[in-house]
Amino acid sequence: MGLKNFTSVLQNPTFLRALRNSFVFTVASQILVLVGANLLALVLKNAFPGRRFARFLILLPWVAPVSIGSIGWKWILDSLYSVINWVLVRLHLVKEFSAPMWLGEPKLAMMSVILVHTWHMLPFATVIILAGWTAIPKDIPEAAAVDGAGFFRRMFQIELPMMLPIINVAVLFGVIFTFTDMTVIYILTRGGPYDTTQVLPSLAFFTGILGSDLAEGAAISIFLVPLLVAVAWLMLRSAHRAEVV
Amino acid sequence: MAVVQTRGLTKLFAKGQVGAVVDVDLESREGEFLVLLGPSGSGKTTLLRMIAGLEEPTSGEIWIGGVLVNDLTPRQRRIAMVFQSYALYPHLTVLGNIEFPLKARRMPKEERRRKAQWAADLLGIGRLLGRKPRELSGGERQRVALARAIVREPSLFLLDEPLSNLDAKLRASAREELEQFQKKIGTTTIYVTHDQVEAMAMGDRVVVMNQGAVRQIGTPADVYDEPQDTFVAAFLGSPPMNLLEAAGVIVGFRPEHFHPSAALPADEPVLKLAFRAKHEEYLGAERILYGVLEGGPFDGEKAVARMSSTLAARFAPDVVHDFAVAKKDLKFFDREKETRTEPRALA
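Protein chains in written order, with my numbering: chain Y, 607 to 851; chain F, 360 to 706.
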């Protein structure tokens, strides 16, 4: 009886698509977050006029409720009233009646939810990486400079490797928050069009709560467990390593 | 190998503030071991960091090997620096640390290995190449930092208190080793320390600094025996020089020149002083006697005498003893400017 839910889930093409989407959504947004957070931290670690204000602005997407932010993005990406399209039309980059449907075309919709989620996750990773950067003793990059290392060598061979345990923590937190989250997708696309942005948490919600098939919804969410256990194990291990160094 | 020269070098950290380094003119000699000595906050480290290119001077010029380097990055200056903390790269092995400056120069791998091995052998750390810095003792870390510095055969060696993290016993042997090592490689070296014993023992010349300014440059014997002002006189020596005021001048004499009268040759012209002993410190090899001068030009001033423990005479406390200083050992300083002046007769 109970196991039947699992076999039926595994044969469901929507589930397989949601599983694949979950991975695409998580991996793509985490790569973007990682690169973006490093660049932002690099800028923010140096003193410049207005740095405090810039830090405040960057933290905003994290402190504001994600649902409110997502509603804002829904308008920005709307098929009729999109601000982005308005700008693109005025710049004569697209024609007024064939402007991109950001949330209506499968590929664009996936890209949009990834970007909005990245926007939401970026501050958290930036703060962690910024903390990692300030923890490196000033002597070490200075010694590297005297040793003849230029900016990129210093960054990629000294500073980033030294921050690796901390970056790991940021990534693993990010993976967990992303893999289990459905807010952005629920508000922007509801998993559509045609389930092309459906991920496991949203599918479980639609099947179990809105579709009233609680058993199958639960079976879908249980597929998250082994993945999250693996991630949690990695996270604890890297946190332990960070302590040793 | 190169000569370092600074001209009017000044560093102000905030506008209108007292300078960290003020108008320093300095010239090293070829292959010299030059020590920057001063108390904390005297600007010696800032001066070194400006030479390294880690700190930008507010004004003045820095020349290394006849090239004006003010606008060159640390990388372009071709120098090596050992930091107080050693600043080893914690995620790299000892070999990785030593090779790093060569990698930065894009040296082929074969040659890099050979050079790193040479540097490691020179410092006796060949067997540690596979370890990480956190698995090394303080002395071993210091050697790795030195190996990393010499491996690229720099034209100039900058050392920022490299011995201060070692315990006292290790420090003495490391000091001697470092000195021998510098003689062997013959690279011009600038060494920052606040420890006068280190400065005297290692330096070919010593630059005494205070409040950002150079107070005196000379051989260890010069700065100890012929201090140019009262700061140098009081900073060097332990206990420091007795500085006493009389008849409009400051008179100084070293505690080891302050003898019981009987110990001085009869034909030596001396200044006799009545010395009331207060208490004595027995330090093994020597004794330090603290007391107060009575009568004469320095009535009521405190003085310190230092004598060998082998001296048989005993000095009972609270008794006045006949002490004296040979006239040639008296140094005179201007009372206003606190700089050295001509000897003069004391009333």
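Ideal Cβ positions, reconstructed from N, Cα and C, are used throughout, including at glycine.
Taking C-beta pairs closer than 7 Å, name the residues in chain Y that residue i reaches, listed in chain order.
i: F/Tyr448; result: Ile746 and Ile764
i: F/Ser444; result: Pro743 and Asp745
i: F/Phe459; result: Asp753
Which two residues bound the contiguous alpha helix (DSSP H) that contains residue i?
i: F/Trp422; result: No alpha helix (DSSP H) contains F/Trp422, which is instead part of the beta strand (DSSP E) from Ser418 to Ile423.
i: Y/Thr732; result: Pro712 to Thr740
i: F/Lys542; result: Ala527 to Ile544
i: F/Met409; result: Lys403 to Ala411
i: Y/Glu699; result: Per the sequence shown, the amino acid found at residue 699 of chain Y is Leu instead of Glu. No alpha helix (DSSP H) holds Y/Leu699; DSSP gives it neither H nor E.
i: Y/Ser673; result: Val672 to Ile682
i: F/Thr369; result: F/Thr369 -> not in any alpha helix (DSSP H); beta strand (DSSP E) instead, spanning Val363 to Lys370.
i: F/Val679; result: Element bounds for F/Val679: not the alpha helix (DSSP H) but the beta strand (DSSP E), Val679 to Ala685.
i: F/Phe692; result: Not the alpha helix (DSSP H): F/Phe692 falls in the beta strand (DSSP E), residues Lys690 to Asp693.
i: F/Ala373; result: F/Ala373 -> no alpha helix (DSSP H), and no H or E assigned at all.
i: Y/Ala810; result: Leu806 to Phe811
Cβ of residue i less than 8 Å from any chain F Cβ?
i: Y/Arg759; result: yes
i: Y/Val851; result: For Y/Val851, the predicted model reports a pLDDT of 48, less than 50, meaning its position is unreliable and no value from the coordinates is stated.
i: Y/Glu767; result: The residue asked about is misnamed: residue 767 of chain Y is Pro in this sequence, not Glu. Chain F, which has a Cβ nearer than 8 Å to the Cβ of Y/Pro767, makes this yes.
i: Y/Ala647; result: no
i: Y/Val775; result: no
Using a cut-off of 9 Å between C-beta atoms, extract the partners of residue i located in chain F.
i: Y/Ala741; result: Ordered by position in chain F, no residue passes the 9 Å Cβ test against Y/Ala741, which lies about 12 Å from the chain.
Answer yes or no: does any C-beta atom of chain Y fall closer than 8 Å to that of residue i?
i: F/Pro599; result: no
i: F/Arg464; result: yes
i: F/Leu413; result: yes
So, are the CB atoms of residue i and residue j less than 8 Å apart?
i: Y/Leu766; j: Y/Ser844; result: no
i: Y/Met788; j: Y/Phe811; result: yes
i: F/Arg530; j: F/Ala560; result: no
i: F/Ser668; j: F/Ala644; result: yes
i: F/Arg434; j: Y/Ala751; result: yes
i: F/Leu623; j: F/Gly611; result: no
i: F/Val707; j: F/Lys370; result: The structure shown does not extend to residue 707 of chain F, since chain F is modelled only from 360 to 706, so the question has no answer here.
i: F/Leu689; j: F/Pro676; result: no
i: F/Ile438; j: F/Ala411; result: yes
i: F/Leu487; j: F/Leu495; result: yes
i: F/Val663; j: F/Pro598; result: yes
i: F/Leu515; j: F/Glu557; result: no
i: F/Leu451; j: F/Ile549; result: no
i: Y/Met707; j: Y/Gly780; result: no
i: Y/Leu609; j: Y/Leu806; result: no
i: F/Phe314; j: Y/Ala749; result: Past the boundaries of the shown model lies residue 314 of chain F; chain F is included only from 360 to 706, so the question cannot be answered.
i: Y/Val775; j: Y/Met716; result: no
i: Y/Thr724; j: Y/Val630; result: no
Quick one: which chain Y residues come within Cβ less than 9 Å of residue i?
i: F/Met440; result: Glu748, Ala749, Val752 and Asp753
Mind listing the chain F neighbours of residue i? Cutoff is C-beta to C-beta under 7 Å, in chain order.
i: Y/Gly756; result: Arg434
Could you tell me the boundaries of the beta strand (DSSP E) in which residue i lies?
i: F/Thr548; result: Thr548 to Thr552
i: F/Tyr641; result: Val629 to Tyr641
i: F/Tyr649; result: Glu645 to Glu653
i: Y/Leu646; result: Looking at the DSSP string, Y/Leu646 is not in any beta strand (DSSP E); the run it does join, the alpha helix (DSSP H), is Pro619 to Leu650.
i: F/Asp708; result: The structure shown does not extend to residue 708 of chain F, since chain F is modelled only from 360 to 706, so the question has no answer here.
i: Y/Met769; result: Segment Leu766 to Phe785 is the alpha helix (DSSP H) holding Y/Met769; no beta strand (DSSP E) there.
i: F/Val394; result: Phe392 to Leu396
i: F/Ser667; result: Lys661 to Ser667
i: F/Asp519; result: Leu515 to Asp519
What ranges does the alpha helix (DSSP H) occupy inside the segment 552–629 of chain F, keeping only unbroken runs of at least 4 residues that lie completely in it? 555–561, 579–584 and 589–594
Just list the beta strand (DSSP E) runs in the segment 409–483 of chain F, keeping only unbroken ones of 3 residues or longer that don't cross its boundaries, in chain order. 418–423 and 438–441
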